[in-house]
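Input: a single structure, listed below in structure tokens.
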DNA sequence: ATTATCGGGACACAAAACGTCCCGAACAAG
DNA sequence: CTTGTTCGGGACGTTTTGTGTCCCGATAAT
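Protein chains in written order, with our numbering: chain W, 33 to 374; chain Y, 33 to 374.
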């Protein structure tokens, strides 16, 4: 696939550059939609006028539409962008980065986005966009989709196109956590994504700070049990990956647990499980939700995480061999390869 | 592969049109090289000026060179054209025509060229060009190449680029025929092709009209035997396919044999063998040369034949399952599919 | 009501592409 | 040798396309 770009570049370099430019325009329109010309100029390094001519062409091709609020992708534009993404990815250096990661982490498909999501918020958006594009392509073969919280998954939900074509899809929070920020956020993301997909969803709100006793009895509630049954049948799971200590702090965990995590050298977190560098589970949060073995049963597990500081966490979680797809950024990818190369 | 062209066409139709145009220019430069601007305008439907701008771009890209005699492809240009050909073929209707033929005739690779080689001499050239492009890509894994005569194979030799990179390649006439036009022509083609490839060659000139007795004793000559041993080791065989009765007439065969061919309903000819519609051998010319079983041993057998009138002949010869590659034209392909569909 | 932002219209200007004609060099035919 | 043809390339005015810049009414948020 890389070959064809080389040939096209050899026979007509200007036009390949044109396609790249047009792809960038489409990309940013999707990232920022609805967006206006002047707003785009600040992100792309193009003048207003050139963006305008691009816009007019794209409009004529039926890839974007524009109203008073700005420009947006049409359904066709979304579909084309999706494919163009895949083709252009192979032609860039990020393609080989991704291929190397696929081998190193033993993950089927790795998508690497340019930049550092910790520096540039647009990079996190781009990760979300790529994950969203991948996600919707999996929708038609699935019936249950479950999500975790986190800013990365949030960007996936944000960048999801409003297709409203999947009335039979059921969206669930992967864990009905114990009233903590991340878990309540998951509920928000579930409803947002379900609405965009046109599917159904079910939430699980639980009160804060339950005692161990009521936590145990809660598990036996018929309503909760039904939810747990549903979640076990997830076809697709979208989740973030956290740096262990950061996550523990955010969750305001007890000092005793913090000490345990430090002692066990926990580096990564996902689904409330904490992993050390070898990928072993060293701690599991007490929560209502999907179990690690159930994650393994899903046909597609999509992880979204970026930033150099998360490299170790990603490597640790990847050792569990849960994911089919990983969307990350250049910063994390390079750090990760730099470390595992030793 | 067809998919990527659809995407590119959706996102930038001008680009695809431009690439097609540039490809056409390269193609015709190769067909007619060395050729001038004004000469090209008569074949392409472009004005002199546009050809000139194309020419300047291509020159800057190092794909063509020009001197006082006209423009020619550079080595790089040849290489790029070769790949561009393959990519663009898939995007056209001819691609699906070819795919259908591959299935129908059970041939690995079928290349269909637009037009009718019986109407437009350039179409025969284009067949030769395509065959030559394919051929040189096989050279590096081969050591012995043998050819038959015929206008189709002649066009292959004509359109062969002068690479002169294969000093170890040995070219042979597939049959050292009995002094007939087609067979002496094969000698010419062998030397021409060997010279362009920079390889060695060996010819086999035999006198006219030998008696059966001397023909048999000739076979035992050490020189002939050596030649027959060499030819049996052919890795690549390039041959044409003839309409049985036409061939018989051209060869001025005896009436008795003509009657035999008519009686047995011979329709196709290759290597001096005559085949009926079922693909059975109904007659074999008495000649010194490659045997059908030896053809089967070659790693690549490349047939070149076009024109609607040859459809039946191609179908008949294909039944022998000798060829890995068939280069033909649109006219033959459509007639052929029309007939076998019944 | 005010402010900001949207797409789109307008227009001058720069750059690229095109049509057209000419020129000397190289080569083939006579 | 001369003559005629064809080659690439230079030259130049015209057309087309793309770009920079400013303005406008509509619309939504404040």
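For every residue, glycine included, the Cβ atom is placed at its ideal position computed from N, Cα and C.
From a predicted model like this one, the values you see are computed outputs, not experimental measurements.
Closest residue to residue 316/Y among 366/Y, 309/Y and 302/Y (Cα-Cα distance): 302/Y
Rounded separation between residue 176/W and residue 325/W - CA only: 17 angstroms
Stretch pair the stretch 79–91 of chain W + the stretch 132–150 of chain W: three plus CB contacts closer than 8 angstroms: no
Residue burial classification, residue 252/W (beta-carbon count within 10 angstroms, cutoff 16): exposed
Any beta strand (DSSP E) of 3 or more consecutive residues that is wholly inside the stretch 37–113 of chain W: 96–99 and 102–105
Interface residues of the stretch 101–132 of chain Y facing chain W [CB-CB below 8 angstroms]: 108, 112, 115, 116 and 119
Alpha-carbon spacing of residue 263/Y relative to residue 43/Y, whole angstroms: 52 angstroms
Own chain partners of residue 453/Y with C-beta closer than 8 angstroms, once the 5 adjacent residues on each side are dropped: A question about residue 453/Y goes unanswered here, because the residues of chain Y that appear run from 33 up to 374.
Which of helix, strand or coil DSSP assigns to residue 361/Y: strand
C-alpha distance - residue 20/W paired with residue 357/W, whole-angstrom precision: Residue numbering for chain W in the displayed model covers 33 to 374; residue 20/W lies beyond these limits and cannot be assessed.
Assigned secondary structure, residue 351/W (DSSP; H/G/I helix, E/B strand, else coil): coil
Touch test, the stretch 358–369 of chain W against the stretch 341–350 of chain W, Cβ-Cβ under 8 angstroms, three pairs minimum: yes
Simplified DSSP assignment, three categories, for residue 377/W: Because chain W in this structure spans residues 33 to 374, residue 377/W falls outside the shown range and cannot be described.
Residue 202/W and residue 230/W closer than 9 angstroms at C-beta: no
Cβ pair residue 268/W, residue 167/W closer than 9 angstroms: yes
Proximity test, Cβ basis, 9 angstroms: residue 58/Y and chain W: yes
Contacts around residue 233/Y, its chain only, beta-carbon distance under 6 angstroms, and the 5 residues preceding and following it disregarded: 203, 222, 223 and 226
Helix, strand or coil at residue 374/Y according to DSSP, with G and I counted as helix: Bear in mind that the predicted position of residue 374/Y carries a pLDDT of just 48, short of 50, making it unreliable; the figure below should be weighed with that in mind. DSSP places residue 374/Y in coil when its eight states are reduced to three.
Beta-bridge partners of residue 334/Y, as assigned by DSSP: 270/Y and 357/Y
DSSP state of residue 316/Y mapped onto helix, strand, coil: strand
CB contact below 9 angstroms: residue 168/Y versus chain W: no
Cβ-Cβ separation, residue 123/Y to residue 34/Y (assumed contact under 8 angstroms), whole Å: 6 angstroms
Contact the stretch 305–314 of chain Y vs the stretch 113–131 of chain Y: 3+ CB pairs below 8 angstroms: no
For residue 308/W, the residue or residues it bridges with in DSSP: 298/W
Minimum Cβ-Cβ distance from residue 289/W to chain Y less than 9 angstroms: no
For residue 63/W and residue 36/W, the rounded distance between their alpha carbons: 28 angstroms
Interface flag, residue 318/Y vs chain W, CB-CB below 9 angstroms: no
Any chain Y beta carbon closer than 9 angstroms to residue 36/W: yes
Contacting residues, own chain, Cβ-Cβ under 6 angstroms from residue 156/Y (five flanking each side not counted): 149 and 187
Rounded separation between residue 261/Y and residue 304/Y - CA only: 19 angstroms
Cβ shell of residue 101/W (< 7 angstroms), same chain only, five flanking positions each side left out: 66
Anticipated Cβ contact below 8 angstroms, residue 48/W with residue 112/Y, distance rounded: Not really, about 13 angstroms apart at Cβ, beyond 8 angstroms.
Cut-off 7 angstroms between Cβ atoms - residues of its own chain near residue 161/W, not counting five sequence neighbours on either side: 62, 63 and 191
Residues from the stretch 38–51 of chain W in contact with chain Y, defined by Cβ distance under 7 angstroms: 39, 40, 42, 43, 44, 47, 50 and 51
Below-9 angstroms beta-carbon distance, residue 89/Y vs any chain W residue: yes
Beta-carbon proximity list for residue 331/Y, same chain, < 6 angstroms, skipping 5 on both sides: 267
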